[in-house]
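Going line by line, the protein sequences match chains A and B.
With the working numbering applied, the first sequence corresponds to residues 1338 to 1581, in that order.
With the working numbering applied, the second sequence corresponds to residues 204 to 436, in that order.
Note that beta-carbon positions come from the ideal geometry of N, C-alpha and C, so glycine has one too.
Computed from a predicted structure; not experimentally measured.
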Amino acid sequence: MEHFFTKSEQIQHIIKGFNLTKTLFVSSIIIGEANIGKKSLARYLFPHAHMISGENQKEVEAALEAYDELIITDFEKLNNQETLNFDNKRIIATANFIGNYTTIDTLFAFIYTMPSLKERPEDARYIKESFAKKARHDLLLEEKDLDISEIPMDLSSNSKSLKKSIYTHLMIHSMDKQNIEEAVYYYILKHIGGKNAYKEHLELYEKPLIEAGLQKYGSQLQLSQVLGINRNTLRKKIHEHDID
Amino acid sequence: MNTISIDFQPFVEWDNSPFILFSNRGKILYLNNAAEILFGYVSKQELYDIALAYAPQSFGYKTTMLTLNYDAFNFYAITVGYENEEHLSVRFYHTPRVKSSVPLETGKLMTTDINILLEANIALFKTKNNNKLQLLTDQDIPSFRIDQNNFSKLLRKSLDAFRASDSINVNLKLLVGEHVIISGKKESIVQLSIEANGRYNDTDTEIRNLADQSHISVLLKEHAIKLEIPLIQ
Chain A
1338 MEHFFTKSEQ
1348 IQHIIKGFNL
1358 TKTLFVSSII
1368 IGEANIGKKS
1378 LARYLFPHAH
1388 MISGENQKEV
1398 EAALEAYDEL
1408 IITDFEKLNN
1418 QETLNFDNKR
1428 IIATANFIGN
1438 YTTIDTLFAF
1448 IYTMPSLKER
1458 PEDARYIKES
1468 FAKKARHDLL
1478 LEEKDLDISE
1488 IPMDLSSNSK
1498 SLKKSIYTHL
1508 MIHSMDKQNI
1518 EEAVYYYILK
1528 HIGGKNAYKE
1538 HLELYEKPLI
1548 EAGLQKYGSQ
1558 LQLSQVLGIN
1568 RNTLRKKIHE
1578 HDID
Chain B
204 MNTISIDFQP
214 FVEWDNSPFI
224 LFSNRGKILY
234 LNNAAEILFG
244 YVSKQELYDI
254 ALAYAPQSFG
264 YKTTMLTLNY
274 DAFNFYAITV
284 GYENEEHLSV
294 RFYHTPRVKS
304 SVPLETGKLM
314 TTDINILLEA
324 NIALFKTKNN
334 NKLQLLTDQD
344 IPSFRIDQNN
354 FSKLLRKSLD
364 AFRASDSINV
374 NLKLLVGEHV
384 IISGKKESIV
394 QLSIEANGRY
404 NDTDTEIRNL
414 ADQSHISVLL
424 KEHAIKLEIP
434 LIQ
């Protein structure tokens, strides 16, 4: 990755700090929630550094022997943090949380905290756009099929949830009748059983039908006419499916 | 033993340790050069009170071990002399500048531009704090050898002590004419001073330990931290 987009002042300070110490032998750690770009940032700043995950203790130990410059991701997963020796090495670590503060404080000269995507609305917007672009490409969609502003900004798990919500949204919105039938087919194939399957799965059709109808026509009276069913029947079904 | 008739006053006058002679009412009858400088940092009344508090019960001399700090002056003991009803004398003993017990690990030292490390640490500080910070530095300070990682930790902790301070002044300058001898070599000294309207002192011990490891002498004051860093070549 040759570019790291950010409008966040805090991250710009982090980049400045790293750029200044790039040639020095100091140890730094970036701490922040999962999926906010810590690894991408480390890669962007040190494109040639060897990168290794803290999941494997032995590999980290071996890499410390072999390299003077090293990116260690998932640092919180290492069990033997206090035995590591970073003397005269350039270490860039990333971690989702601090764990034992004293250990981190002793090991690292620079302890950076990276803000989550929720705290960086401009960055989140940029990432959303680039995800949407990629998703459109992956799903072979036309530009006209895509209105980014309609996609909800789901940052509950930062970029992970954002990416998922974009793909889900685009897939749902680009399905045709055949796709939907197929989706329902596989859903039912997986879940059918018991003694009341007809009524149980009728919900799959009735609930979205009434919800969409109400959204479009506003009143139950009008909807009952459009659907060609009795007003009381409609009310009963609304109650049955717990529709507001 | 022969009795030598000699005037000892010049010896006291030029003694590096402050010496003060008070009257029984607390008036200063005599003070040497070192004491004169000391009075720039502490009041007459305070030193008189100390002398009274540690005076021997009957006539004579009494030495007490105690810790006294006045700005850059650190004393570890005083002797109070009480020879007659009229005079009370007090002499202060300087705490020796502790020589770092840690041997200098020359293998860990890398030639470094201190301004880079300082700026990087200020950038780190700014990711966490919005305090106003002013840096006055000398870009011409020559690169010198230091344990980069250890020194960065020291800078981080020193700056962190000012995390809630209002306006922070960071000043880096070469102490002209001052030297320190490390491993038999005479080295110049740069002083990094961080000052503000107040600071936290929760990490003072850690700051002292980190400084010690890099042979940096540290002055921890209520509103300031001053590091005297040897320019090891």
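Exercise for review: Enumerate in chain order the residues of its own chain whose CB-to-CB distance from Tyr244/B is below 6 Å, with the five nearest sequence positions on each side excluded.
Suggested key: Tyr273, Asp274
Review point. Between Glu1406/A and Phe1423/A, is the Cβ-Cβ spacing less than 8 Å?
Key: Taking a C-beta distance under 8 Å as the contact criterion, Glu1406/A and Phe1423/A do not qualify as a contact pair.
Check your understanding: When DSSP labels each residue in this structure, what does Ala1371/A get in the three-state scheme?
Key -> coil
Point to revise | is_contact[Ala1446/A, chain B] using C-beta, thresh 8 Å | key: yes
**Study point:** N- and C-terminal bounds of the beta strand (DSSP E) containing Phe278/B
**Key:** 276-285
Review point. For Ile384/B, which three-state DSSP category applies?
Key: Looking at Ile384/B - three-state DSSP - the assignment turns out to be strand.
Review point. Going along the region 1445-1468 of chain A in order, which residues come within less than 7 Å of chain B, judged by CB to CB distance?
Key: Ala1446, Phe1447, Tyr1449, Thr1450
**Study point:** Minimum Cβ-Cβ distance from Thr1431/A to chain B less than 8 Å
**Key:** Cβ-Cβ to chain B under 8 Å: no for Thr1431/A.
Review point. Which one of Pro221/B, Ile397/B, Ile240/B, Ile384/B has the shortest CA to CA distance from Lys360/B?
Key: Ile397/B
Exercise for review: Note down the Cα distance separating Pro1489/A from Ile432/B, rounded to an integer number of angstroms.
Suggested key: 55 Å
Review point. So which of Phe1447/A, Ile1517/A, Gly1550/A has the shortest CA-CA distance to Gly1354/A?
Key: Phe1447/A
Review point. Assuming Asn404/B and Ala364/B make a contact with CB atoms under 8 Å, what is their CB distance in whole Å?
Key: 7 Å
Review point. Roughly how many angstroms lie between the CA atoms of Glu1392/A and Phe1341/A, to the nearest whole one?
Key: Roughly 25 Å between the two C-alpha positions.
Point to revise | Any 3 or more C-beta pairs closer than 8 Å across the region 290-300 of chain B and the region 322-330 of chain B | key: no
Check your understanding: Does any CB atom of chain B fall closer than 8 Å to the CB of Leu1382/A?
Key -> Not closer than 8 Å to any Cβ of chain B, the Cβ of Leu1382/A fails to qualify, so no.
Point to revise | Runs of beta strand (DSSP E) wholly within the region 331-363 of chain B (minimum 3 residues, chain order) | key: 335-339, 347-349
Exercise for review: Apply the 10 Å Cβ neighbour rule to Asn352/B and answer buried if 16 or more other Cβ atoms are within range, or exposed otherwise.
Suggested key: buried
Practice item. Decide if the region 341-358 of chain B is in contact with the region 308-318 of chain B; the criterion is three or more beta carbon pairs, one per stretch, under 8 Å apart. Key: yes
Review point. Which value, in whole angstroms, describes the spacing of the CA atoms of Lys1426/A and Ser1365/A?
Key: 10 Å
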